[in-house]
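Heads up: the protein sequence lines correspond to chains A and B, in order. Residues in the first sequence are numbered consecutively from 1, following the numbering used here. Residues in the second sequence are numbered consecutively from 242, following the numbering used here. Cβ coordinates follow ideal geometry from the N, Cα and C atoms, glycine included.
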Amino acid sequence: MPAKADILARLQRDILLLQGIKSPSLQAVDETGLGRINEAFPHGVFPRSALHEFFCTSQESATASMAFISGIVSALTKSKGVVMWISSSRRIFPPALNAFGIQPGQVIFLELQKEKEVAWAVEEALKCRSLSAVIGEMQELSFTASRRYQLAIEQSGVGCFVIRRNPKNRTTASVTRWQVETIRSGQPDDLPGVGYPRWQVSLLKVRNGKPGSWNVEWVKGAFRTVSKLAILHREAQKKTG
Amino acid sequence: MARRFVSIWLPCLVTDWHIRKQPQLHNMPFVLKAPVRNRIVVTAVSPAALSLGIRTGTTLADAKALVPSLQALEHKLGLAEQLLQRMAEWCIRFTPVAAPDPLGGLLLDASGCAHLWGGEDAYLADICKRLTARGYSVRAAMADTIGAAWAVARYGNTAPVVDSGHHRKILLSLPVSSLRLEEEMIVRLHKLGLRQIKDVMALPQTSLRRRFGAQLIQRINQALGDEEECIQPVYPPEPFQERLPCLEPIRTLTGIEIALHHLLAALCDRLRKEGKGLRSAFFRVYRVDGGTQGIEIGTNRSSHNEEHLFHLFSLKLSTIEPKEGIELFLLEATKVEDATPLQESLWEEGSGLQDPRLAELVDRLAGKLGQEAICRYLPAEHWWPERSFKKAASLDELPAAGWKLDRPRPLQLLSPPERIDVTAPIPDYPPMLFRYKGSVHKIVKADGPERIEQEWWIQDGKHRDYYCVEDEEGRRYWLFRSGHYNEEETPSWFLHGFFA
């Protein structure tokens with residue numbers, strides 16, 4: 001008869017598996033290049049086949065979320081694979097996706113009229129194994145819909161990223177919930193001009209992981225975490241001269 | 242039973258077709274031209290031009306000298322053959338065995354057909370009437386052999402219907418060119434003074450064979466009916482269509498689904514065997530009360546996948562109202578293309594846009610949301626950002642040019658750009674602050690200007706000076722000034738995008 005601890009450990013593994021989190025032995029380590037952020041995830045690996053939610057408060061933070069998602073998707077798919085981008089009001093500028101590692105020709109945009117159509121199309125797209133990621137822009141996502149998405153994802157293994165502007169409903173079955181805000185960019189030696197895109201990435205919720213907040217820069221096609229101390233230090237230096 | 246053949250001669254086939262397509266050419270002298278050894282030669286002559294003395298084979302310059310108002314149209318290669326093929330298919334209404342004649346015209350095997358028209362005269366008259374009504378000049382003849390019918394249609398000056406067994410007598414007085422011989426041989430016969438068929442037949446066969454070869458003897462025997470000659474009949478293409486009549490009227494959705502499954506299975510089986518796939522299909526139901534209803538589907542890539550096609554139909558099946566019941570189902574593939582065989586990939590990942598499952602997903606989405614909702618973007622050769630990308634026509638289309646990657650571009654673009662109020666030092670400095678949607682943004686960092694001129698081939702709008710700016714809170718924007726500063730007016734500023 002197996003020991004109680006063994007049974008518990010096995011059950012825990014099974015639960016993680018059911019939640020769409022595979023054991024790390026099957027995957028390469030740190031595919032996303034997120035560096036220290038990976039410590040927040042179960043097994044220390046970004047859950048690629050899962051529902052990720054991004055909350056944003058403004059157009060600017062939505063843009064930052066899109067850039068962050070594009071960076072993750074391009075790292076996960078090695079810039080190949082087809083992405084479906086579903087929204088009810090397309091503002092994305094296709095040529096700019098190149099800067100975040102995504103070939104604009106490999107993205108199929110769905111430009112729809114209603115939120116309801118977006119919700120249906122996302123679920124339909126998640127059932128297709130030949131996509132590498134589905135990105136949806138919608139305001140509201142009900143708990144039932146998010147459960148359905150997660151079930152479809154577990155069947156197909158397609159990653160899903162949902163960008164939500166000013167959401168009302170915060171109870172969903174998503175595996176992670178993020179908030180990405182733009183922060184002031186830095187230039188070496190205080191040179192004039194705008195530097196690399198820099199964001200404050202907050203992981204508000206992660207199932208079986210540890211939430212946190214980091215400052216991330218996108219430098220030449222890769223993420224780079226910037227320690228907050230370094231920023232504070234530089235600002236202090238600036239004040240004292 | 243005696244065999245009966247009809248030969249139809251269309252002396253002005255191609256020019257008649259042109260007159261049919263462009264009625265204003267009627268009664269106007271025109272010719273068709275084609276280059277032959279660096280000369281433009283007349284290849285076909287309209288009846289009006291023929292009466293003015295223009296013949297085929299003359300050069301266009303000579304013909305124009307004769308008739309200055311002559312119109313010359315381009316000769317389309319293979320047009321006559323295509324027309325004859327189509328007309329032969331059309332002629333299947335008169336007899337099951339119809340064929341285009343390799344020497345021009347049509348051949349029909351009319352054995353046992355004429356009595357349905359009430360006699361051979363009425364039969365032939367009907368053929369001529371119908372073709373004449375379509376604007377073609379026609380001569381047709383009927384005889385026991387192909388050779389005799391051919392000869393009478395072109396050279397006979399007696400009744401077009403040669404009674405059974407009488408063709409030998411009529412043939413004797415016809416010229417030798419009616420024997421379907423090569424031009425060269427006719428010239429040689431003429432040189433020897435052999436102008437009519439009876440002159441040739443008066444000579445012993447052995448000496449004819451020695452002097453002219455076996456072909457002359459064969460043609461004479463074929464015309465007289467001593468040697469068998471056969472027709473290569475045309476077979477009309479069978480439409481990709483399946484029917485399912487029902488004993489009892491169908492009134493339920495389940496019943497309709499079963500019927501559709503049956504039809505799709507039969508149709509896809511045939512498509513698979515012939516290596517084809519359908520691009521669009523039509524499903525029609527015939528109700529007991531005489532009404533019909535139909536639903537149509539289209540696919541992005543030719544498909545013979547039953548399950549997928551059924552799924553596409555099932556999105557629209559609920560629009561069918563069976564009312565008293567449906568007695569006949571009809572499924573037709575309206576557009577069929579060669580199926581593209583796909584190489585099976587060993588690994589699931591990275592299969593790209595060629596994946597059939599992706600095409601099926603796009604079909605499903607297009608079926609519900611409309612084709613115009615699905616877009617893919619490719620680079621366009623323009624400098625202005627809003628014109629620098631265009632919609633791709635299909636999933637397979639490849640970019641004609643590369644993306645321009647040298648300058649920073651915002652991830653979100655406002656279209657059209659939104660007007661903002663700015664405070665900016667002149668002449669070429671970025672603004673110090675700007676107001677957008679009621680909130681003031683104080684700019685701390687800026688790059689620019691990047692000037693994008695108006696595109697001279699479009700000549701629309703002023704040039705723009707773009708600045709990337711970052712405000713106090715770290716939000717990054719793309720602003721531009723439209724035009725120069727000058728004394729009459731201050732230029733307007735716009736917000737065009739958001740950087741990540």
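Simplified DSSP state of I69/A, which is helix, strand or coil:
Against the first sequence, residue 69/A aligns to sequence position 69. If DSSP states are grouped into helix, strand and coil, I69/A belongs with the helices.
When Cβ atoms are compared, which residues of the region 636–655 of chain B fall closer than 9 Å to chain A?
L636, E638, L639, P640, W644, K645, L646, P649, R650, P651, L652, Q653, L654 and L655
By how many angstroms is the C-alpha of V417/B removed from the C-alpha of L430/B?
Residue 430/B sits at position 189 when you count from the first residue of the second sequence. Residue 417/B sits at position 176 when you count from the first residue of the second sequence. Cα to Cα, L430/B sits roughly 8 Å from V417/B.
Per DSSP, which residues does M383/B bridge with? Please list them.
As a working mapping, residue 383/B is identified with position 142 in the second sequence. Note: M383/B sits in a beta bridge opposite V247/B and V402/B.
Cβ separation of V82/A and L97/A, assumed to be a contact under 8 Å, to the nearest whole Å:
On the first sequence, position 82 is the one that residue 82/A refers to. On the first sequence, position 97 is the one that residue 97/A refers to. Going by Cβ atoms, the distance from V82/A to L97/A rounds to 13 Å, so no, they are not a contact pair.
Ranges of the alpha helix (DSSP H) found wholly within the region 406–486 of chain B, counting only runs of at least 4
408–413, 424–432, 438–442, 446–453 and 455–465
Using C-beta distances below 6 Å, list every residue in its chain close to R717/B, excluding the 5 sequence neighbours before and after it, in chain order.
Numbered from 1 along the second sequence, position 476 holds the residue referred to as residue 717/B. The residues are E711 and F740.
A634/B at chain A interface by Cβ criterion, 7 Å
Working through the second sequence from its first residue, we reach residue 634/B at position 393. Not closer than 7 Å to any Cβ of chain A, the Cβ of A634/B fails to qualify, so no.
For the beta strand (DSSP E) containing R605/B, name the first residue and the last one.
Position 364 of the second sequence, counting from 1, holds the residue named residue 605/B. Segment P597 to L610 is the alpha helix (DSSP H) holding R605/B; no beta strand (DSSP E) there.
Just to make sure I have the definition right: I need the residues of chain B whose C-beta is within less than 8 Å of the C-beta of A145/A. Which are they?
If you number the first sequence from 1, residue 145/A lands on position 145. Chain B residues near A145/A: none, gap ~17 Å exceeds 8 Å.
Please classify N541/B: does DSSP put it in a helix, a strand, or coil?
Stepping through the second sequence from its first residue, residue 541/B is reached at position 300. In this structure, N541/B counts as strand in the three-state DSSP scheme.
Report yes if the C-beta distance between F551/B and A500/B is below 7 Å; otherwise report no.
For this step, residue 551/B is matched to residue 310 along the second sequence. For this step, residue 500/B is matched to residue 259 along the second sequence. Not in contact: F551/B and A500/B (Cβ atoms no closer than 7 Å).
Residues of chain A with CB closer than 9 Å to the CB of D688/B, please, in chain order.
Position 447 of the second sequence, counted from the first residue, corresponds to residue 688/B. The answer, in chain order, is P192, G193 and V194.
Straight-line Cα distance separating E694/B from Q700/B
Taking the second sequence and counting its residues from 1, one reaches residue 700/B at position 459. Taking the second sequence and counting its residues from 1, one reaches residue 694/B at position 453. Rounded to the nearest angstrom, the two C-alpha atoms are 10 Å apart.
Per-residue DSSP class, three states only, for V122/A:
Translated into the one-based positions of the first sequence, residue 122/A becomes position 122. Correct three-state label for V122/A: helix.
Cut-off 6 Å between Cβ atoms - residues of its own chain near G591/B, not counting five sequence neighbours on either side
Numbered from its first residue, the second sequence carries residue 591/B at position 350. The predicted position of G591/B is uncertain, since its pLDDT is 46 and thus under 50; a value taken from the coordinates is nonetheless stated next. Nothing meets the Cβ criterion.
Note down, one range per segment and in chain order, each beta strand (DSSP E) of at least 3 residues found wholly within the region 87–164 of chain A.
107–111 and 131–137
What are the residues that DSSP puts in a beta bridge with K632/B?
Indexing the second sequence from 1 puts residue 632/B at position 391. The partner list for K632/B (beta bridge, DSSP) reads Y618/B.
Run through the region 199–227 of chain A for me and flag every whole alpha helix (DSSP H) of 4 or more residues, listed as ranges in chain order.
none
V742/B versus A443/B - alpha carbon distance
Since the first and last residues shown for chain B are 242 and 741, residue 742/B lies out of range.
Identify the continuous beta strand (DSSP E) that holds H682/B and give its terminal residues.
Here residue 682/B refers to the residue found at position 441 of the second sequence. Unbroken beta strand (DSSP E) run through H682/B: S680 to I693.
Along chain B, which residues have their Cβ under 8 Å away from the Cβ of Q59/A?
Your numbering for residue 59/A matches position 59 in the first sequence. Per Cβ cutoff of 8 Å: Q653 and F739.
Please report the Cβ distance between R90/A and E111/A, rounded to the nearest whole angstrom; I am assuming they are in contact, meaning their Cβ atoms lie under 8 Å.
Stepping through the first sequence from its first residue, residue 90/A is reached at position 90. Stepping through the first sequence from its first residue, residue 111/A is reached at position 111. The Cβ separation is near 5 Å, so the contact holds.
When you compare only the Cα positions, how much space is there between L655/B and E691/B?
Translated into positions along the second sequence, residue 655/B becomes position 414. Translated into positions along the second sequence, residue 691/B becomes position 450. Approximately 18 Å between the Cα atoms of the pair.
In three-state terms, what does DSSP make of R177/A?
Residue 177/A sits at position 177 when you count from the first residue of the first sequence. In this structure, R177/A counts as strand in the three-state DSSP scheme.
With 7 Å as the threshold, decide whether the Cβ of C709/B is near any Cβ in chain A.
The residue given as residue 709/B occupies position 468 in the second sequence. So yes, C709/B belongs to the interface.
Is Y670/B close to chain A, meaning its C-beta is less than 7 Å from at least one C-beta of that chain?
Within the second sequence, numbered from 1, the residue matching residue 670/B stands at position 429. For Y670/B, the answer is no, since every Cβ of chain A falls outside 7 Å of its Cβ.
Would the beta-carbon of P309/B fall within 7 Å of that of L293/B?
Numbered from its first residue, the second sequence carries residue 309/B at position 68. Numbered from its first residue, the second sequence carries residue 293/B at position 52. No, the pair does not count as a contact, with Cβ atoms beyond the cut-off.
Contact with chain A by A302/B, beta-carbon distance below 7 Å:
Mapped onto the second sequence, residue 302/B falls at position 61. No, A302/B lies away from the interface with chain A (no Cβ there is under 7 Å from its Cβ).
Can you say whether R484/B is buried or exposed, counting buried as having 16 or more other CB atoms within 10 angstroms of its CB?
The residue you call residue 484/B lines up with position 243 of the second sequence. Answer is exposed; the Cβ neighbour count stays below 16.
Per DSSP, which residues does L266/B bridge with? Please list them.
Counting from one through the second sequence, the residue named residue 266/B turns up at place 25. Note: L266/B sits in no beta bridge, so no partner.
What does F630/B reach in chain A if we use C-beta pairs closer than 9 Å?
Looking up residue 630/B in the second sequence gives position 389. Residues of chain A passing the Cβ test: F93, P94, P95 and P104.
Using 7 Å as the limit for Cβ to Cβ distance, is S88/A near chain B?
In the first sequence, residue 88/A corresponds to position 88, counting from 1. Not an interface residue.
Specify, as a first and last residue, the run of the alpha helix (DSSP H) that T495/B falls within.
Your numbering for residue 495/B matches position 254 in the second sequence. T495/B -> alpha helix (DSSP H) spans L494 to K514.
Closest residue to G643/B among H623/B, E470/B, A275/B and P445/B (Cα-Cα distance)
Counted from its first residue, the second sequence places residue 643/B at position 402. For G643/B, the nearest C-alpha among the options comes from H623/B.
Counting only the same chain and skipping the five closest in sequence on each side, list residues whose C-beta sits under 8 Å from that of P104/A.
Residue 104/A sits at position 104 when you count from the first residue of the first sequence. So the list reads P94, P95, L97 and N98, once near-sequence residues are dropped.
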